[in-house]
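Report on the following structure.
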Amino acid sequence: QTDVPVEDDAVHVIKVEYLENGPLFSELKFYQRAAKQEQIRKWMSLKKIRCLGIPVFWGSGLTEYKGKSYRFMVMERLGEDLQRIFEDSGSRFKKETVLQLGARMLDTLEYIHENEYVHGDIKAANLLLGYANPHEVYLADYGLSYRYCPNGNHKQYQENPRKGHNGTIEFTSIDAHKGVAPSRRGDLEILGYCMLQWLCGKLPWEQNLKDPVAVQTAKTNEIYIKICSAGEIAKFLACVYGLAYDEKPKYQVLKKILLDGLESSGARYDGPLEFSAAARTRDHCAAKVSKVSKTVLGLFLTSPA
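Each residue of the sequence shown is one higher than the last, beginning at 2 in this note's numbering.
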């Protein structure tokens, strides 16, 4: 893949990789099957939302250059990624911003899941602000997307240690650590870990990222999770931990948890995203530690279906 500077007035970008590259092929199939613009417009109308965080796909093709074959995709141009903004903000976002991002990504994931796919690699580096409207946020990079429910038939729970620890290690789900195929609950677990990091600055297992087994053990045994002062994320994760592998999440229940937190903070779901110096304070994480029920966590870890 080659990175080329984009002109300021460009409205499209082209993603190019070698023809045999698997992730770009997977990404292309996701857009062709699940992200047609008419599908997205109907969904937005049904859900009464103004923006759904899936980039616009304009087309694709094959080409050759100097004897090598390439596949390309033409995509909507997007703005800055959240990882860079997170680092520039002292590795911390305001609580209101975290809840806004979480609620909007929940809407995006619900759409993806309803169309038989999971994303599998949610993280700040794959979340980009809109180029024309920087108060919109989009989930990009579907190279690890997975069709978990082809033709309405959910994949079976099966552990495979040879495929263990796939994804971005600090966020990857407990299922993925065990080599289980991605599912809806895994996407939501990853989103929960992202929100936790954005709010508190670090995850409890970040010091062990070079040891995937240690990270898995930390996630499995983590009874006390530092939830800063945001009980909403504790509730969100508790609901996700209680899901069976093939269970359809109650997205509106999860969204209400985040929206209630926004309302109590005087912020709105579709309000402007604020990445300000206020996010750099550490007051949120100073005192409160919320306990995730050992019973609920144990249920999630030991009952695959």
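Glycine residues also receive a C-beta, built at the ideal position from the N, C-alpha and C atoms. Source: prediction; values computed, not measured.
Closest residue to Leu189 among Glu111, Lys16, Gln208 (Cα-Cα distance): Counting from one through the sequence shown, the residue named residue 189 turns up at place 188. Nearest option by C-alpha distance: Glu111.
Mind checking whether His178 and Ser146 have CB atoms under 9 Å apart?
Mapped onto the sequence shown, residue 178 falls at position 177. Mapped onto the sequence shown, residue 146 falls at position 145. For His178 and Ser146, no; Cβs fall outside 9 Å.
Arg269, buried or exposed, once every other Cβ within 10 Å from all chains shown has been counted against 16 = The residue you call residue 269 lines up with position 268 of the sequence shown. Exposed, because fewer than 16 other Cβ atoms sit within 10 Å of the Cβ of Arg269.
Need the endpoints of the alpha helix (DSSP H) that Ile113 sits in, please. Locating residue 113 in the sequence shown gives position 112, counting from the first residue. 96 to 115 is the span of the alpha helix (DSSP H), which, as asked, contains Ile113.
Exercise for review: Pull up the distance between the alpha-carbon of Gly165 and that of Thr98, whole angstroms please.
Suggested key: Taking the first residue of the sequence shown as 1, we reach residue 165 at position 164. Taking the first residue of the sequence shown as 1, we reach residue 98 at position 97. About 32 Å.
Q) Using a Cβ-Cβ cut-off of 6 Å (strictly less than) and excluding sequence neighbours within five positions of Pro24, which residues of its own chain qualify? A) Taking the first residue of the sequence shown as 1, we reach residue 24 at position 23. Around Pro24: Gly144.
For the candidate residues Asn127, Met106, Tyr132, whose alpha-carbon lies nearest to that of Gln84? In the sequence shown, residue 84 corresponds to position 83, counting from 1. The shortest Cα separation from Gln84 among Asn127, Met106, Tyr132 belongs to Asn127.
With 16 other Cβ atoms within 10 Å as the buried cut-off, status of Val216: By 1-based counting over the sequence shown, the position of residue 216 is 215. Answer is buried; the Cβ neighbour count reaches 16.
**Message:** Please list the terminal residues of the continuous beta strand (DSSP E) segment that includes Ser70.
**Reply:** Counted from its first residue, the sequence shown places residue 70 at position 69. From DSSP, the beta strand (DSSP E) with Ser70 extends over 69 to 77.
_Can you tell me whether Tyr147 is helix, strand or coil according to DSSP?_
On the sequence shown, position 146 is the one that residue 147 refers to. DSSP places Tyr147 in strand when its eight states are reduced to three.
| Nearest CA to the CA of Ile55: which residue from Lys49, Glu77, Arg72? | Locating residue 55 in the sequence shown gives position 54, counting from the first residue. With distances taken between Cα atoms, Ile55 lies closest to Glu77.
* Asked: Whole-angstrom Cβ separation of Leu129 and Leu79, contact assumed at under 8 Å?
  -> By one-based count along the sequence shown, residue 129 stands at place 128. By one-based count along the sequence shown, residue 79 stands at place 78. Their Cβ separation, rounded to whole angstroms, is 4 Å, which keeps Leu129 and Leu79 in contact under 8 Å.
Open item on the list: So the candidates are Val75, Leu63, Asn116; which of them puts its Cα closest to the Cα of Phe31?
Closed with: Translated into positions along the sequence shown, residue 31 becomes position 30. Comparing Cα positions, the closest option is Asn116.
Below 8 Å on the Cβ atoms is my contact criterion, and I expect Ser61 with Leu20 to pass it. Report the Cβ-Cβ distance as a whole number of Å.
To locate residue 61, count along the sequence shown from 1; it is residue 60. To locate residue 20, count along the sequence shown from 1; it is residue 19. Incorrect: roughly 12 Å between the Cβ atoms, too far for contact.
- Under three-state DSSP, which class holds Cys229? In the sequence shown, residue 229 corresponds to position 228, counting from 1. Residue confidence for Cys229 is low, a pLDDT of 44 falling below 50, so the modelled location carries little weight; the figure read from the coordinates is stated next. In the structure shown, Cys229 sits in coil (DSSP, three-state: anything other than H, G, I, E or B).
Which residue's Cα is closest to the Cα of Lys49: Leu197, Ile258, Phe237, Arg105?
-> Position 48 of the sequence shown holds residue 49. Minimum Cα distance to Lys49 is reached at Arg105.
Original post:
In or out: Asn167 buried (at least 16 other Cβ within 10 Å) or exposed?
Top reply: Indexing the sequence shown from 1 puts residue 167 at position 166. Result: buried.
> For Tyr118 versus Arg186, is the C-beta distance shorter than 9 Å?
Replying inline: The residue labelled residue 118 in the question sits at position 117 within the sequence shown. The residue labelled residue 186 in the question sits at position 185 within the sequence shown. Their beta carbons are not under 9 Å apart, which means Tyr118 does not touch Arg186 by this criterion.
### Query
Would Gln253 be called buried (16 or more neighbouring beta carbons within 10 Å of its own) or exposed?
As a first step, residue 253 is located in the sequence shown; it is residue number 252 there, counting from the start. Gln253 should be labelled exposed.
request  = Could you pull the start and end residues of the beta strand (DSSP E) that Glu65 belongs to?
outcome  = Within the sequence shown, residue 65 is the residue found at index 64, counting from 1. 58 to 66 is the extent of the beta strand (DSSP E) around Glu65.
As a quick exercise: from Glu81, Ala11, Met196, pick the residue whose alpha carbon is nearest that of Gly103. What you label residue 103 is simply residue 102 of the sequence shown in a count that begins at 1. Answer by Cα proximity: Met196.
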